[in-house]
Structure formats: C-alpha cells, structure tokens
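Protein chains in written order, with this note's numbering: chain Y, 1 to 258; chain C, 1 to 451.
A virtual CB, placed ideally from N, CA and C, is assigned to each residue, including glycine.
Source: prediction; values computed, not measured.
Everything below concerns the one structure shown next.
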Amino acid sequence: MIDAQGRVFGRWNLVDALLVGLLLVALPAGFAAARLFRDPPPVLHSVSPGAMSQGTGQQVEIRGEHLRPYMRVSFGPVQGPAFLYYGPGQAFVPLPALEPGTYDIVLYDYMREVARLPQSFTVTGPARPPTVRLEVTGAFAGISREMAGALTGGQLMNAADGLISETLSIGVAQPGVARVRIAEGRTVEAPMDGLFDLPATLALTCPTSVAADGYLRCATGGVVLAPDVHVVLQGPAGRLAFRVDRLVDAAPAAEPRP
Amino acid sequence: MTPRVLAAGVTIGVLYTLSPLLVVTGLGFALVLRWVARTPDEGERRWLVTMLVLAIGLRLLVIGALFLLTDHETTPFGTFFGDEDYFIRRSIWLRNLALGIPISLADTFYAYDPSIQTSIVWPLAVLHVLFGPSPYGVHLVSVLLYVAGAVVLYRTVRPSFGLPASLGGLALLLFLPSLFAWSVSVLKEPVFFALMAAVVAITVSAARHPSWALRVAAVLVVGLAAWGAQSLRDGGLVIAGVGTGAGVLAAVILQRPRLAAVLVAALLVAAPIVLTRGAVQDRIVAGVARAAEKHWNHVNTPGLSYRLFEPAFYETLPAPGDLTFGEGVTLVAGGLAAYVVMPAPWAMESRSALAFLPEQIVWYGLLFLLPIGLWEGWRRDPFLTAVLGVQLVVAVALVAVTSGNMGTLVRHRAIALPALVWFASLGLTVALARLPGGDPIGGTALRGAGR
Numbered sequence: 001m002i003d004a005q006g007r008v009f010g011r012w013n014l015v016d017a018l019l020v021g022l023l024l025v026a027l028p029a030g031f032a033a034a035r036l037f038r039d040p041p042p043v044l045h046s047v048s049p050g051a052m053s054q055g056t057g058q059q060v061e062i063r064g065e066h067l068r069p070y071m072r073v074s075f076g077p078v079q080g081p082a083f084l085y086y087g088p089g090q091a092f093v094p095l096p097a098l099e100p101g102t103y104d105i106v107l108y109d110y111m112r113e114v115a116r117l118p119q120s121f122t123v124t125g126p127a128r129p130p131t132v133r134l135e136v137t138g139a140f141a142g143i144s145r146e147m148a149g150a151l152t153g154g155q156l157m158n159a160a161d162g163l164i165s166e167t168l169s170i171g172v173a174q175p176g177v178a179r180v181r182i183a184e185g186r187t188v189e190a191p192m193d194g195l196f197d198l199p200a201t202l203a204l205t206c207p208t209s210v211a212a213d214g215y216l217r218c219a220t221g222g223v224v225l226a227p228d229v230h231v232v233l234q235g236p237a238g239r240l241a242f243r244v245d246r247l248v249d250a251a252p253a254a255e256p257r258p
Numbered sequence: 001m002t003p004r005v006l007a008a009g010v011t012i013g014v015l016y017t018l019s020p021l022l023v024v025t026g027l028g029f030a031l032v033l034r035w036v037a038r039t040p041d042e043g044e045r046r047w048l049v050t051m052l053v054l055a056i057g058l059r060l061l062v063i064g065a066l067f068l069l070t071d072h073e074t075t076p077f078g079t080f081f082g083d084e085d086y087f088i089r090r091s092i093w094l095r096n097l098a099l100g101i102p103i104s105l106a107d108t109f110y111a112y113d114p115s116i117q118t119s120i121v122w123p124l125a126v127l128h129v130l131f132g133p134s135p136y137g138v139h140l141v142s143v144l145l146y147v148a149g150a151v152v153l154y155r156t157v158r159p160s161f162g163l164p165a166s167l168g169g170l171a172l173l174l175f176l177p178s179l180f181a182w183s184v185s186v187l188k189e190p191v192f193f194a195l196m197a198a199v200v201a202i203t204v205s206a207a208r209h210p211s212w213a214l215r216v217a218a219v220l221v222v223g224l225a226a227w228g229a230q231s232l233r234d235g236g237l238v239i240a241g242v243g244t245g246a247g248v249l250a251a252v253i254l255q256r257p258r259l260a261a262v263l264v265a266a267l268l269v270a271a272p273i274v275l276t277r278g279a280v281q282d283r284i285v286a287g288v289a290r291a292a293e294k295h296w297n298h299v300n301t302p303g304l305s306y307r308l309f310e311p312a313f314y315e316t317l318p319a320p321g322d323l324t325f326g327e328g329v330t331l332v333a334g335g336l337a338a339y340v341v342m343p344a345p346w347a348m349e350s351r352s353a354l355a356f357l358p359e360q361i362v363w364y365g366l367l368f369l370l371p372i373g374l375w376e377g378w379r380r381d382p383f384l385t386a387v388l389g390v391q392l393v394v395a396v397a398l399v400a401v402t403s404g405n406m407g408t409l410v411r412h413r414a415i416a417l418p419a420l421v422w423f424a425s426l427g428l429t430v431a432l433a434r435l436p437g438g439d440p441i442g443g444t445a446l447r448g449a450g451r
C-alpha cells in the first residue's frame with residue numbers, strides 16, 4: 001500500500017494522504033460527536049415585566065432558549081428562590097427581597113454562569129437610606145475575664161444581616177447580671193457568678209428594612225434594636241452578646257480607615 | 001501507516017473529544033493489564049487477565065448505562081449515590097473558581113462548605129481543570145484506582161497465601177456486589193481503598209527487603225498516605241497509620257515468644273495502675289461518649305436504623321457525663337454484635353433489603369472462614385497476617401461502636417472487606433484441602449498454574 005518512496009498506492013504523498021484523511025474523516029467525526037453530545041448553550045432573550053415595585057408574592061417571566069429545569073436565575077447577586085421551568089424557552093422566577101435599583105438577570109446552570117441580561121430589571125420602591133449609624137450604650141453581657149481583656153476600643157465586629165459594630169469606648173468590668181424580661185415593661189435581674197458585664201459604647205452601622213407595620217427599622221438576626229435586647233456580635237475570640245441599655249442617637253460617620 | 005493505525009487514531013481522537021478521561025483512564029487500564037500480563041505462570045496470567053478484563057468491562061458498561069439512561073434534559077448528570085452529586089458539583093465549582101469562571105454566589109459559599117470536610121473534592125477539581133468538567137469521567141478514575149489497588153493487594157499476598165486463595169480474594173474484591181458498587185462511584189471508597197492497598201503493599205515490601213534505607217522511606221510514605229487517608233475520611237489516620245504500625249509491632253512481638261511473654265507480664269502489672277488513674281479513665285469515658293454520640297446521630301438520620309439501647313436513650317442526645325458504665329459496655333458489645341449480624345435476614349422486608357440478602361449470606365460465610373484464614377495466614381506469613389489482621393480489627397472497631405444506620409453500616413463495612421476477603425479465601429482453600437479426598441479449590445481448574 002505504501003511504496004518505498006512513501007507514496008500511498010504509488011500515487012499520493014503519505015503526509016498529504018494523512019492530512020486529507022484528517023480533513024475528510026477525523027474533523028467531521030469530531031464535529032458530529034460534539035454536535036450530538038454537547039448541550040447547546042442556553043440563551044436569555046427577555047425578562048417580563050422589566051420593572052416591578054418592591055413587594056412580596058411576585059414573579060417574573062424569563063424567556064430564552066435551551067433552558068433546563070435545573071437552572072437558576074439571580075437578580076444581580078441575589079438568587080431567586082425557585083426556577084419554575086415551563087419549557088426550554090420559558091421559566092418563571094419568584095422575586096426575592098430586593099432593594100430599589102436596576103439589576104442584571106443572570107442565568108446559571110449547575111456549575112457556572114451561562115447567560116446574562118445586563119441592567120434589564122428594575123425594582124422601584126420608596127427611597128430610604130440603606131444603612132443607619134446609631135450610637136448605643138450598654139454592656140457586653142456574661143463574658144469571662146479573659147474575654148473582657150481581649151475587648152478594646154476601636155474594634156470592629158459584625159453580626160447577622162450585615163450589621164457592623166465599632167467599639168467607641170470600654171468601661172470597667174462589673175459582676176455579670178442577666179436581665180430577664182418577664183412581662184411587658186418588667187424585667188428581673190439575675191446575677192451570673194464568675195461572669196462579667198463590660199460596659200461599652202458602640203457605633204452600630206445597621207441595614208434598614210421596612211417592617212410589616214410600615215416603620216423603617218434597624219434589625220439584626222430578627223432582633224429589632226431597642227433597650228434591653230441582646231445583639232449577638234462576632235468577637236475576637238467567639239460570639240458575644242451585647243445588651244443594649246440606651247440608643248443615644250445617630251452616630252457621626254466613621255473616619256475613613258487607611 | 002496502516003489503515004488500522006489510522007482508524008485507531010481517529011477513534012481515539014473522537015473518544016477524547018467526547019470524554020478525555022475515557023482515553024486517559026484507558027491508558028491506565030492498559031498499563032494495569034500489561035503489569036498483570038508479566039505474570040510468568042501462563043495459567044495464572046490467563047486467570048488474572050480474564051478476571052480483570054471482565055471486571056473493567058462490566059464497570060465500563062455500568063457507567064455507560066448511567067450516561068445513556070440519564071435524562072440530560074432534566075438533570076445535568078447522573079449519579080449512583082446522592083453524595084456523588086455533591087462531590088462532583090462542589091469540585092466543578094472549585095475548578096471554575098480557580099479558572100476565574102463566574103459561578104453563582106450560593107455555589108461559591110457551598111464550594112467551601114465548612115460543615116463537610118473531605119479532601120476528595122480537591123483531586124476531583126484538579127481533574128476537572130486538566131480535562132474539563134467530567135462528571136462521568138471521574139467514575140472511570142474511581143474504577144482505575146480500585147482495580148489498580150486490587151491488583152496491588154493481589155501481588156502483595158500472592159507469594160504467601162498461594163494462587164487459589166489469592167485468586168479467590170481478588171475475585172471477591174472485584175465482584176462482590178457492594179464493593180462493585182463503591183468501585184464505580186465517585187465517593188471516598190475507591191480512593192481510600194487504593195491508599196490502604198498502597199500502605200499494605202509498601203509496608204510488606206519494605207519488611208521483605210533487607211535495606212534499612214528503604215524501610216525508613218517506607219515509613220515516611222506510609223505516614224503521608226495515612227495523613228491523606230485522614231484528610232479523606234475521619235478515622236483514616238487510625239486505620240492506615242495506627243493500624244499499620246500496630247500490625248508491624250504485633251508481628252515483631254508475637255514472633256518472639258520471650259519478648260511477648262515479658263510484654264504480657266508488664267501489661268498485667270501496669271494495667272491496674274494505669275486504668276485506675278483518673279486522667280486515663282476520663283479519656284476512655286470521653287472516647288466512648290463520642291462514639292455514643294455518633295451512634296445516636298446515625299440512628300436519628302433518615303433511613304433504616306438499628307438500636308442498641310432503650311428508646312428513651314434516643315430522645316435527647318446524652319451528655320458525655322450521663323453515659324453509665326453499663327451503657328458503655330452495651331455500646332461496645334452490642335455494636336460489635338450488630339456489626340456482624342446486621343442487617344438481619346429475618347428482619348428484611350423491603351425489596352432493597354432483600355436484594356442485599358445474598359451478599360449478607362456471603363458476609364456470614366466470610367466471617368466463618370476468617371479464623372481459619374487467620375491461623376493459616378499466621379503460619380505462612382506472620383508479618384503480612386499481622387498487618388492485615390490489625391488493620392481489619394481497627395476498621396471493625398471504629399465502625400462497630402459508632403454505626404446505627406443500616407446503609408451507613410454496609411457502606412463502612414467495605415473498609416474492612418479488603419483485608420477480610422484474603423483471610424476468608426485462604427480459609428476456604430485450607431478447609432477444602434482438609435476435607436476427605438479434598439483438593440485446594442481450583443486445584444483442578446488451575447492445573448498447570450504455579451502455587
């Protein structure tokens with residue numbers, strides 16, 4: 001088949017024959033295999049409606065191509081709670097809790113982002129400050145002597161729902177006392193042997209939210225800031241409970257940190 | 001270049017386009033078969049190649065069936081077990097993060113999920129980086145690791161246990177249904193098995209070699225493998241490191257009767273002093289309490305479970321200090337009994353449980369043959385028997401006192417099976433040879449093959 005001069009059937013150069021074989025056989029076979037087994041990439045065409053007001057119980061319609069039931073949609077960084085698949089061209093996504101603004105609609109499959117509609121969805125709502133900075137006095141409640149020694153002024157700590165605490169001042173440790181609310185407006189105090197309360201003044205930068213009653217509130221972990229509540233902070237050596245005695249006022253803006 | 005070579009090249013190219021890991025693991029299987037084909041004895045070689053080709057072929061068919069039977073319109077990829085889905089997704093997320101491919105914020109969080117700590121996702125992620133996302137290809141890697149580990153163990157026991165017993169053990173490793181299922185899965189089992197096989201092989205080979213430099217190197221490698229086993233699953237260090245070390249010590253001591261007698265006497269003197277120390281008692285109690293907590297958690301997971309205590313024990317998680325001495329004894333003794341008996345054939349009702357019945361009968365048979373195999377193994381090769389035997393004991397002990405869920409028990413029993421099958425096979429060989437007019441199993445079928 002291949003002669004001494006390297007010609008196939010005595011006519012074609014061997015290397016040329018190999019290249020022709022590659023073009024005629026290998027490439028089409030590879031192309032066919034890829035077309036047969038590779039999933040077509042999903043495409044996003046539109047989101048409807050393109051704008052909504054803040055609220056609950058709403059959903060948007062996503063239109064595209066090659067959608068799959070296991071895909072997910074996020075509105076900017078916020079993932080939709082479900083992906084209700086109606087077919088390869090249509091899906092419905094319940095609206096998560098979003099702040100007013102314009103968002104990208106991002107489509108993910110099980111492993112990566114696959115399509116995006118930039119700045120395609122707008123949420124409208126009453127204007128309000130995203131955060132508020134409050135000065136609160138109170139005490140780190142029921143902490144050990146070692147923990148009390150680890151707390152200093154200027155420390156930053158965080159809590160649930162994006163609350164950030166800055167310690168403005170630290171007092172002298174006192175014997176620990178637990179305040180237990182037994183009825184509206186009534187609390188009792190119980191000593192905590194071997195533990196301490198460390199008075200402190202904190203500046204809390206707190207995300208605002210609109211409660212069901214329409215009031216703007218500052219809350220963390222489901223706890224609305226108010227006297228006698230305990231805010232759980234992530235301290236230098238573990239979680240700490242800070243008992244709020246008094247909300248003073250809006251604190252001045254924090255100094256920019258180097 | 002012949003048409004055959006050209007066609008082979010085209011085929012490999014097409015296959016690589018479909019699944020790069022199929023081609024890469026195919027090379028691995030070819031290397032394993034080539035290693036096996038170097039067996040000098042023709043009869044033995046024929047048996048080995050046949051068994052391995054059958055084992056590999058069946059596993060490829062099963063994985064191919066998984067691919068073909070999965071509806072890829074509704075699910076991104078198919079798996080045999082739920083945990084596989086998690087490991088594959090998590091490793092692909094890690095791969096995408098490493099390559100800067102944007103993924104969902106939720107997936108970023110779960111990619112570094114601190115609640116499930118296992119190192120298996122990292123080598124999987126490396127494979128996805130090298131060969132692209134390969135949710136089916138990684139099954140082939142599991143098969144390759146398992147088959148290679150089985151051959152390594154075969155080669156290790158063959159010189160001491162002989163041909164029939166070694167072939168029997170290999171057949172059990174390759175075709176026992178539960179081990180077959182783990183070997184095709186993307187779980188910790190195939191990797192853990194391969195690591196343990198390597199540990200045993202390195203330990204025994206180093207002991208058989210006169211060079212002390214090699215023995216020191218073996219200690220370091222075994223230590224590294226034990227660390228790897230621990231990163232893979234909790235208890236890996238104990239089984240691979242402590243189990244192997246204790247096995248080596250046991251082999252050394254038990255072959256020196258005077259030394260053994262002195263150590264036993266010393267233990268008898270020291271035990272009452274040590275065991276009455278508060279710190280030692282506290283450690284024992286804490287260890288038993290931790291085991292009781294694991295058992296409690298397993299009983300309270302979804303699925304079929306078995307209980308060692310009264311129902312009231314399982315209502316609330318017992319505090320470490322609440323566990324009584326009697327409950328500790330119940331945990332250990334009851335756990336060991338349950339490890340052997342469960343799932344009890346007389347209590348099997350569901351179809352899935354009944355489907356497991358034949359293997360459970362095989363399990364009882366293996367346990368019956370174990371003492372015979374241990375005795376004969378000690379007679380033929382005390383070192384190998386001690387290493388495998390102590391690893392078996394450690395694997396049994398760790399699982400027996402912590403299990404409570406049937407599915408988890410069956411799965412974790414697979415940790416002990418790779419050591420158990422060799423002794424059971426040897427026991428069967430010896431038992432049949434001792435029967436009146438008996439011949440070692442396969443003696444006729446293996447005529448012409450060396451011992």
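Check: Interface flag, Ser-165/Y vs chain C, CB-CB below 8 Å; Outcome: no
Check: Distance, Tyr-146/C Cα to Arg-11/Y Cα; Outcome: 51 Å
Check: Arg-45/C CB to nearest heavy atom of the ligand NAD below 7 Å; Outcome: The ligand NAD is not part of this structure, which contains no ligands at all.
Check: Where Leu-151/Y falls, given that 16 or more other Cβ within 10 Å makes a residue buried; Outcome: buried
Check: Neighbourhood of Thr-444/C by C-beta distance below 6 Å, restricted to the same chain and skipping five residues each side; Outcome: Low local confidence applies: a pLDDT of 44 at Thr-444/C is under 50, so the model's placement there is unreliable, with the coordinate-based value given in what follows. Nothing listed; no residue qualifies.
Check: Buried versus exposed call for Phe-175/C [16 or more other C-beta atoms within 10 Å across all chains shown]; Outcome: exposed
Check: Nearest residue (CA-CA) to Ala-178/Y, options Asp-39/Y, Ala-148/Y, His-230/Y, Gly-125/Y; Outcome: His-230/Y
Check: CA-to-CA distance, Val-32/C to Leu-367/C, given in whole angstroms; Outcome: 30 Å
Check: Counterpart residues of Met-52/Y in DSSP-defined beta bridges; Outcome: Val-123/Y
Check: DSSP state of Ile-273/C mapped onto helix, strand, coil; Outcome: helix
Check: Within chain C, partners of Ala-29/Y - CB distance below 7 Å; Outcome: Val-10, Val-14
Check: Closer than 8 Å to chain C by CB, Glu-189/Y; Outcome: no
Check: Beta-carbon proximity list for Gly-303/C, same chain, < 6 Å, skipping 5 on both sides; Outcome: Asn-405, Gly-407
Check: Residues that Ala-160/Y contacts on chain C, provided the C-beta gap is smaller than 7 Å; Outcome: In chain order: nothing, as chain C lies at least about 15 Å away.
Check: Glu-113/Y in three-state terms, based on DSSP; Outcome: strand
Check: Segment limits, alpha helix (DSSP H) that includes Ser-209/Y; Outcome: Unbroken run through Ser-209/Y is the beta strand (DSSP E), 186-210; no alpha helix (DSSP H).
Check: Inter-residue Cα distance where the pair is Gly-448/C and Ala-397/C; Outcome: Model confidence at Gly-448/C stands at a pLDDT of 41, short of 50, so the residue's coordinates are unreliable and nothing is read from them.
Check: Those residues which DSSP pairs with Gly-87/Y across a bridge; Outcome: Gln-90/Y
Check: Enclosing alpha helix (DSSP H) for Ser-166/C [first to last residue]; Outcome: 163-175
Check: Rounded C-alpha distance that separates Pro-318/C from Asp-161/Y; Outcome: 34 Å
Check: Chain-ordered chain Y contacts of Asn-96/C [CB-CB under 8 Å]; Outcome: Met-111, Arg-112
Check: Alpha carbon of Val-332/C to alpha carbon of Thr-316/C, nearest angstrom; Outcome: 20 Å
Check: Inter-residue Cα distance where the pair is Arg-256/C and Val-36/C; Outcome: 36 Å
Check: Gly-235/Y: first and last residue of the uninterrupted beta strand (DSSP E) it sits in; Outcome: 230-235
Check: Proximal residues of chain C, C-beta to C-beta of Pro-77/Y below 8 Å; Outcome: Leu-105
Check: Per DSSP, cross-strand counterpart(s) of Gly-365/C; Outcome: DSSP, once it has assigned bridges, lists no residue as partnering Gly-365/C.
Check: Beta-bridge partners of Glu-349/C, as assigned by DSSP; Outcome: Paired residues: none, contrary to the question.
Check: DSSP state of Met-147/Y mapped onto helix, strand, coil; Outcome: helix
Check: Assigned exposure category for Asp-109/Y - 16 Cβ within 10 Å defines buried; Outcome: buried
Check: Classification of Asp-381/C by the beta-carbon crowding that lies within 10 angstroms, buried from 16 upward; Outcome: buried
Check: Alpha helix (DSSP H) runs contained entirely in the stretch 8-42 of chain C, provided each spans 4 or more residues; Outcome: 20-37
Check: Beta-ladder partner(s) of Asn-405/C, from DSSP; Outcome: Ser-305/C
Check: Val-288/C, enclosing beta strand (DSSP E) - first and last residue; Outcome: Per DSSP, Val-288/C belongs to no beta strand (DSSP E); it is in the alpha helix (DSSP H), 278-299.
Check: Proximity of Ile-143/Y and Thr-205/Y at Cβ, strictly below 8 Å; Outcome: no
Check: Nearest neighbour of Val-238/C, chosen from Ala-206/C, Ala-207/C, Leu-275/C, Phe-192/C [CA to CA]; Outcome: Phe-192/C
Check: Residue closest to Val-341/C, alpha-carbon to alpha-carbon, out of Leu-357/C, Ser-350/C, Glu-327/C; Outcome: Leu-357/C
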